[in-house]
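This report refers to the structure that appears directly beneath it.
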Amino acid sequence: MTGTTLDDYTDRYARRVRGMTASEIRALFAVASRPEVVSLAGGAPYIAALPLDAVGEMLGSLAADHGTSTLQYGIGQGTLELRERICEVMALSGIDAAAGASPDDVVVTVGGQQALDLVSRLFLDPGDVVLAEGPTYVGALGAFQSAQAQVVHVAMDDDGLIPAALEAAIADVARSGRRAKFLYTIPTYQNPAGVTMTDERRDQVLDICERAGLLVVEDDPYGQLSFDGEAPLPLRARRREGVFYLSTFSKTFAPGLRVGWILAPHAVREKLVIASESQILCPSAYAQAAVTTYLSTMPWREQIKTYREVYRERRDALLESLADLMPAGTTWTRPSGGLFVWATLPPGLDSKAMMPRAIAARVAYVPGTGFYADGTGGGNMRLNFSFPSPDRIREGVRRLAGVMEQDLAMRQVFGAISAVANRRRGQAGSDTPGPDLA
32 MTGTTLDDYT
42 DRYARRVRGM
52 TASEIRALFA
62 VASRPEVVSL
72 AGGAPYIAAL
82 PLDAVGEMLG
92 SLAADHGTST
102 LQYGIGQGTL
112 ELRERICEVM
122 ALSGIDAAAG
132 ASPDDVVVTV
142 GGQQALDLVS
152 RLFLDPGDVV
162 LAEGPTYVGA
172 LGAFQSAQAQ
182 VVHVAMDDDG
192 LIPAALEAAI
202 ADVARSGRRA
212 KFLYTIPTYQ
222 NPAGVTMTDE
232 RRDQVLDICE
242 RAGLLVVEDD
252 PYGQLSFDGE
262 APLPLRARRR
272 EGVFYLSTFS
282 KTFAPGLRVG
292 WILAPHAVRE
302 KLVIASESQI
312 LCPSAYAQAA
322 VTTYLSTMPW
332 REQIKTYREV
342 YRERRDALLE
352 SLADLMPAGT
362 TWTRPSGGLF
372 VWATLPPGLD
382 SKAMMPRAIA
392 ARVAYVPGTG
402 FYADGTGGGN
412 MRLNFSFPSP
422 DRIREGVRRL
432 AGVMEQDLAM
442 RQVFGAISAV
452 ANRRRGQAGS
462 DTPGPDLA
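Going left to right, the sequence shown walks through residues 32 to 469 as the working numbering numbers them.
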C-alpha cells in the first residue's frame, strides 16, 4: 500500500479547512482535568461560588412550569426579554442608551465564540488581514484562521496595546498591498496577558482606527471582574460608530449555558441575524430563559462582587507564590482584574518544550505559542488563577518552579559541554560549527 495517510479524506477537504489546527488549550484539557494535576491552564470560572441550590431550582422550574416556551424554537436575534436585560448589564460598564445601546441592536449568540465567528463571516475574505494584540485569545485566532484571514500582531506593554505600534502595523499592511478589515482587541484584563489598556490609549486607538477606516471589534468578557477599582470605560462607550462590542455570560454567570452577545452598529444587525440563522437557526430558548430569569430574579450584581472577591484572593495567591518561588529571570504581569497572568521565562527556556516535564510533575499551564498566529511565544506561558484554590495555586507554582529549575540546570550543564566541544573543534581547526545548546 502506498500513499496512505491517517486521514482518508485529506484530498477532499475545502481549502479553508487546511489551516485548521487543534487548540493548545483544548489539547491540555484531558490531562489537566486529572485530580492529581494542578491546572493553571484553563480559564474556567469558579462555578461553586454560585448559589447552586437556588440556580438548580430555577433551572428546574423553567422546564416544569414553562417548558412549552423554553423547550421550543426561538427567533434568530434572541428574545427581546434577554436583549433588554443585556442592555441593563452593559449600562453598568457605561454602554447605555446615551451611548447608543438598544435591544434592537443586540444579537444573542452561542457564547462569545459564535460572536467572533459571525463577525469573521461578515467581514473577512480569504487573504484579508486582522490586526490583533500579540499575544491574543486563542479562540479568536481560530475564528480568523477559519475565515482564511491573516493575523498581524500589534505589540503590547503593561498599559495595553501600543498606539504607535498600531499605526505602524496599519502602514505596513497598506504598503504590502493587503487590506486590514478590523482591529480585534481585548482592552480590559486581556486574555492571555492580563493587562488593561489605559484611558489615554483607548482614545488614541479609536482615533487611529477612525482615520484609517478600520473597524474595531472589542471583546469584553472580563470587564466586570475588576479587583482594584472600576475598569476603564469600554471602547464602545466612547465611540458608537464602527465599534462592535462582544461579551458573554460565561465569566459572570455560567459558561455551560453558552450565552453571549454582540452589540453592533444598526446597519449590520440584520446581516448578523441572517448569518446566525444560517449557522444555528436560533440560540437556545432554554439557555436564554435561564439567563433572563437569573438576571430578573436573583442578586446577580452581588454575585459579581462575590466572583471579584474570590478571584482577587486567588490572584494574590498566584502573585505571591510567583514572587516567592520562581527562579531568577522570570517576570509576570500583575492584572487588576480578569482571570490570567502572563509569565515570561528566563532566557533559554521554552514553555512548549517544557510542557511534558511539567505534566510529569503534575502541573499544567498553557504555552505562549498558542496565543500567536505565527507560533512564537515560546518564552511565555499563561497562568490561570480563577479555578484552583489558593493552596492548590501555591502548590502548582512550587511544582512549576521545580521544573523550570531543572531545565535551567540542564541548560547550564549541556551549555558548558557544548562550549568546551566548540573550543576543541576550534583548536583542531575545524570549519564546522558545533551544535548550539546554550
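Positions of the beta carbon are idealized from the N, C-alpha and C atoms, including for glycine. Since the model is a prediction, treat every value here as computed from it, not as a measurement.
- The beta carbons of Gly143 and Thr227 sit no closer together than 7 Å.
- Considering only Met385, Ala348, Lys383, Leu356, the residue with the shortest C-alpha distance to Leu370 is Ala348.
- Counting only residues of its own chain and dropping the five nearest sequence neighbours on each side, Arg233 has a CB closer than 7 Å to the CB of Pro218, Pro263, Leu266, Arg269.
- Judged by DSSP secondary structure, Leu414 falls within the beta strand (DSSP E) whose first and last residues are 411-415.
- Nearest in C-alpha terms to Ser177, of all of Ala199, Ser151, Ala186, Glu88, is Ser151.
- DSSP, read as helix, strand or coil, puts Ile217 in coil.
- Following the DSSP letters along the chain, one finds Tyr104 in no alpha helix (DSSP H), marked with neither H nor E.
- Looking from the CA of Thr101, the closest CA among Gly107, Leu90, Gln108 belongs to Leu90.
- Contact between the segment 129-139 and the segment 284-303 is present: 3 or more CB-CB pairs across the two stretches fall below 8 Å.
- When Cβ pairs closer than 8 Å are counted between the two stretches, the segment 331-348 is seen not to touch the segment 391-411, the count staying below three.
- According to the DSSP assignment, Leu147 belongs to the alpha helix (DSSP H) that extends over 142-154.
- Between Ile239 and Pro194 the beta-carbon gap is near 6 Å, inside 8 Å, which marks them as a contact.
- DSSP lists no beta-bridge partner residue for Met435.
- Beta-bridge pairing by DSSP links Gly291 to Thr140, Thr279.
- Around the CB of Phe213, 16 or more other CB atoms lie within 10 Å, so the residue is classed as buried.
- Counting only the Cα atoms, Thr99 lies some 51 Å from Ser382.
- In this structure, DSSP gives Phe402 a helical state, which the three-state scheme calls helix.
- Of the candidates Glu344, Glu164, Thr375, Ala180, the residue whose Cα lies closest to the Cα of Asp259 is Glu344.
- Rounded to whole angstroms, the separation of the alpha carbons of Ser417 and Glu88 is 26 Å.
- Taking C-alpha positions only, Ser281 is separated from Gly287 by approximately 7 Å.
- For Gly165, there is no enclosing alpha helix (DSSP H); the residue is part of the beta strand (DSSP E) that begins and ends at 160-165.
- The secondary-structure analysis by DSSP pairs Leu246 across a beta bridge with Phe213.
- Annotated as distal: Gly173 and Val372, with beta-carbon spacing of 7 Å or more.
- Checking the DSSP bridge columns, you'll see Val68 has no partner listed.
- Judged by DSSP secondary structure, Met329 falls outside any beta strand (DSSP E); it is assigned neither H nor E.
- A residue is called buried once 16 or more other Cβ atoms fall within 10 Å of its Cβ, and Thr323 is buried on that count.
- Within 10 angstroms of the beta-carbon of Gly208 lie fewer than 16 other beta-carbons, which makes it exposed.
- Residue state for Ala285 is assigned as coil, using DSSP reduced to three classes.
- A straight line joining the alpha-carbon of Tyr325 with that of Ser315 spans about 15 Å.
- Going by C-alpha positions, Thr216 is about 13 Å away from Asp190.
- Across the set Ile390, Val247, Gly170, Val248, the C-alpha of Ile390 shows the shortest separation from the C-alpha of Pro66.
- With contacts defined as CB atoms closer than 7 Å, Ala404 and Val182 qualify as a contacting pair.
- Taking C-beta separations shorter than 6 Å and ignoring five residues to either side along the sequence, the partners of Glu198 in its chain run Ile239, following chain order.
- With respect to the 7 Å criterion, Ala211 and Val160 are classified as neighbours on the basis of their beta carbons.
- With a contact defined as Cβ atoms closer than 8 Å, Ala395 and Leu71 qualify at about 6 Å.
- Ranked by how close their Cα comes to the Cα of Pro134, the residues Arg346, Val120, Arg114, Gln145 have Arg114 in first place.
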